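This report refers to the structure that appears directly beneath it.
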Amino acid sequence: MKPSKVLIALFAMVMIASFVLAGCATPTAAPTTETESQAPTEAAPAPEGEKVPVGIVLPTKDEPRWIQDETRFRDALTAAGYQVEILFSQGDSAKEKANVEALISKGIKVLIICPQDGTAAAAAANAARDAGVKVISYDRLIRDTDAVDYYVTFDSIAVGESQAQYLVDKASGSGNPLYLYAGAASDNNAFLFFEGAWNVLQPKIADGTFVIKNSSEAEALKDKATLTRDEMSKIIGQVTTNWDFNTAKNLAESNLTAAAAADKGNVFILAPNDGTARAIADAFAADKDVTSYVVTGQDAEKASVQYIIDGKQSMTVLKDVRTLVGDAIAAAVAYLTGGTPEQTNTYNNGAKDVPAKPSEVIAVDKANVQSAIIDSGYWPASDFTGLP
Ligand code: BGC
Numbered sequence: 139m140k141p142s143k144v145l146i147a148l149f150a151m152v153m154i155a156s157f158v159l160a161g162c163a164t165p166t167a168a169p170t171t172e173t174e175s176q177a178p179t180e181a182a183p184a185p186e187g188e189k190v191p192v193g194i195v196l197p198t199k200d201e202p203r204w205i206q207d208e209t210r211f212r213d214a215l216t217a218a219g220y221q222v223e224i225l226f227s228q229g230d231s232a233k234e235k236a237n238v239e240a241l242i243s244k245g246i247k248v249l250i251i252c253p254q255d256g257t258a259a260a261a262a263a264n265a266a267r268d269a270g271v272k273v274i275s276y277d278r279l280i281r282d283t284d285a286v287d288y289y290v291t292f293d294s295i296a297v298g299e300s301q302a303q304y305l306v307d308k309a310s311g312s313g314n315p316l317y318l319y320a321g322a323a324s325d326n327n328a329f330l331f332f333e334g335a336w337n338v339l340q341p342k343i344a345d346g347t348f349v350i351k352n353s354s355e356a357e358a359l360k361d362k363a364t365l366t367r368d369e370m371s372k373i374i375g376q377v378t379t380n381w382d383f384n385t386a387k388n389l390a391e392s393n394l395t396a397a398a399a400a401d402k403g404n405v406f407i408l409a410p411n412d413g414t415a416r417a418i419a420d421a422f423a424a425d426k427d428v429t430s431y432v433v434t435g436q437d438a439e440k441a442s443v444q445y446i447i448d449g450k451q452s453m454t455v456l457k458d459v460r461t462l463v464g465d466a467i468a469a470a471v472a473y474l475t476g477g478t479p480e481q482t483n484t485y486n487n488g489a490k491d492v493p494a495k496p497s498e499v500i501a502v503d504k505a506n507v508q509s510a511i512i513d514s515g516y517w518p519a520s521d522f523t524g525l526p
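To convert a position in the sequence shown, counted from 1, into the working numbering, add 138.
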C-alpha cells in the first residue's frame, strides 16, 4: 500500500475506535482507497448528540486555496467513512472564535485551525486548550499563545526563496525594475514568504541587478541582509495586498501610475500568491509602458495554472495540499491515540517553540507544468486548455 493509503486506513481504524468509545454508531463504510478530487460541497454537520473528535476551521471560502483544502480534507475523511465538520471564518476573527466554541461544545478532542488573523486566533486556541482540546495550527501559525500543540505547514521561507530565485534566474544585466508585493500583515506566513524572498533578492538589489520601484521602505533597507520583524512590517505595510485581489489590483495600478515610463519596460514582480499574482499581472499587462513582465505566484490554483499555460503568469509554487491534509490527519490521529505527532522543526510563535513538520514545495512554470501538476494527479488535464 502507498503511505497515503496506509494513513487513510489507519485513520479509518481510529475513527471507528473513537466512535465505539464514544458510544456512537459505527461509520457505514471504511474504504481504504483515495478518492479523486471532487467539487467542494457544503459542510455536513455531525448529527446532533454525536461526538465529533476532530473539528476543522478554515479562514475563508472566498479564495480557491482554502476550497482546495476543504475538498482535500473532505476527500480524505469521507473516504474513511467519517462525517467531518469544516467551518469557515469568512475573514472574521469573531466568527472564527464562535466556530471554535461551537466545535468545542460538540465534543471535539482535536482542533485543526488555519487562523484568519494569527494573533487574534490566540483567544480561540486558548478556549480550546481550556476545554482539553489539542490545537493543531494548520498552514498559518497562531501567535502569542502557548495553547498551540503542533504546526503543520509547508516550508514558507522556501516558498519566498523559490519565488525570488525565479526572478533572479530570469534577469540579466543591471537596473531591472523590481516591484514587490506581500501578503496580509495579520498572517505570519506573509513574513516568512517575504523573509525567504529577501534572502535571495537582497544581494541582487545590493549589486544593482534589480532596482526597487514601489517601496521606499525596502529601498532604505536594501543593504541589510537580514531584516527584523519590525523592518519587514514597515515594508509589508507599504506593499501589502492583504491577500485580497482588489487591493492587489488597486495597489499595482497606483504603483504604475506613480512610476515613470523609464521605471517600466521589462519588469520583475514579486507577487505573494496566485490570486494576487493574477490581479497584479492583469494591471501590468494593461500598461502600455510595460514591455514584458515576470511575475511569481503560489498555490497552483487552477486559474493560475491556466495563466501559466497562456503565458500570463510566469510561475507558481506548488504546495501539495494533499500532503498537508495527510500530515494534519496523522497529527490528529496521534493525539487521539495518546501519541505525539512527528516533529522535524520548531517555529517560534512569540510565546513558545511550536513543534512542526514543514513540507517541501515545488516551483512550477510552463516547462514543468505537465509533470508537476498533471502527471502528479494534482489537477486533471481536462481542467485546462492548451497544455504544452
Ligand atoms: C497561505 C497561502 C495563501 C495565502 C492567502 C497563506 O497563509 O500559506 O497558501 O495563498 O495565505 O490565503
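Cβ coordinates follow ideal geometry from the N, Cα and C atoms, glycine included. None of these values were measured; they are calculated from a predicted model.
Taking non-hydrogen atoms of the ligand BGC into account, the C-beta of THR366 is found less than 8 Å away from none of them. Selection ASN337, LYS504 and ASN388 evaluated against SER294 yields ASN337 as nearest (Cα-Cα). Burial is judged here by how many other beta carbons sit within 10 angstroms of a residue's own beta carbon; GLY515 has fewer than 16 and is exposed.
Excluding five sequence positions before and after TYR485, the CB atoms of its chain that fall closer than 6 Å to its own CB belong to LEU279, TYR289, VAL492 and ALA494, given in chain order. Here GLN481 is exposed: its Cβ has fewer than 16 other Cβ atoms, across all protein chains shown, within 10 Å.
DSSP, read as helix, strand or coil, puts PRO202 in helix. The Cβ-Cβ distance between VAL248 and ALA469 falls below 9 Å. At a cut-off of 8 Å, the beta-carbon of GLU201 counts as near the ligand BGC: some heavy atom of the ligand is closer than that.
Burial check for PRO496: the Cβ neighbour count within 10 Å reaches 16 or more, so the residue is buried. Bridge partners of THR364 according to DSSP: none are assigned.
Taking a C-beta distance under 9 Å as the contact criterion, VAL432 and VAL405 qualify as a contact pair. The Cβ atoms of ASN380 and TYR317 lie no closer than 9 Å to each other.
DSSP, reduced to helix, strand and coil, places TYR276 within a strand of the structure shown. Per DSSP, ILE295 is one residue of the alpha helix (DSSP H) stretching across 294-308.
In this model, GLU201 and LYS360 are separated by some 32 Å (Cα to Cα). A distance criterion of 8 Å places the beta-carbon of GLN228 beyond contact range of the ligand BGC, judged by its closest non-hydrogen atom. Going by DSSP, PRO341 is part of the alpha helix (DSSP H) stretching over 326-344. Within 10 angstroms of the beta-carbon of ASN237 lie 16 or more other beta-carbons, which makes it buried. Remark: the shortest separation between the CB of PRO410 and any heavy atom of the ligand BGC falls under 8 Å.
PHE522 sits close to VAL443, with the two beta carbons spaced by under 9 Å. For THR198, the Cβ falls inside the 8 Å cut-off from some heavy atom of the ligand BGC. GLN436 and ALA269 have their C-alpha atoms spaced approximately 36 Å apart.
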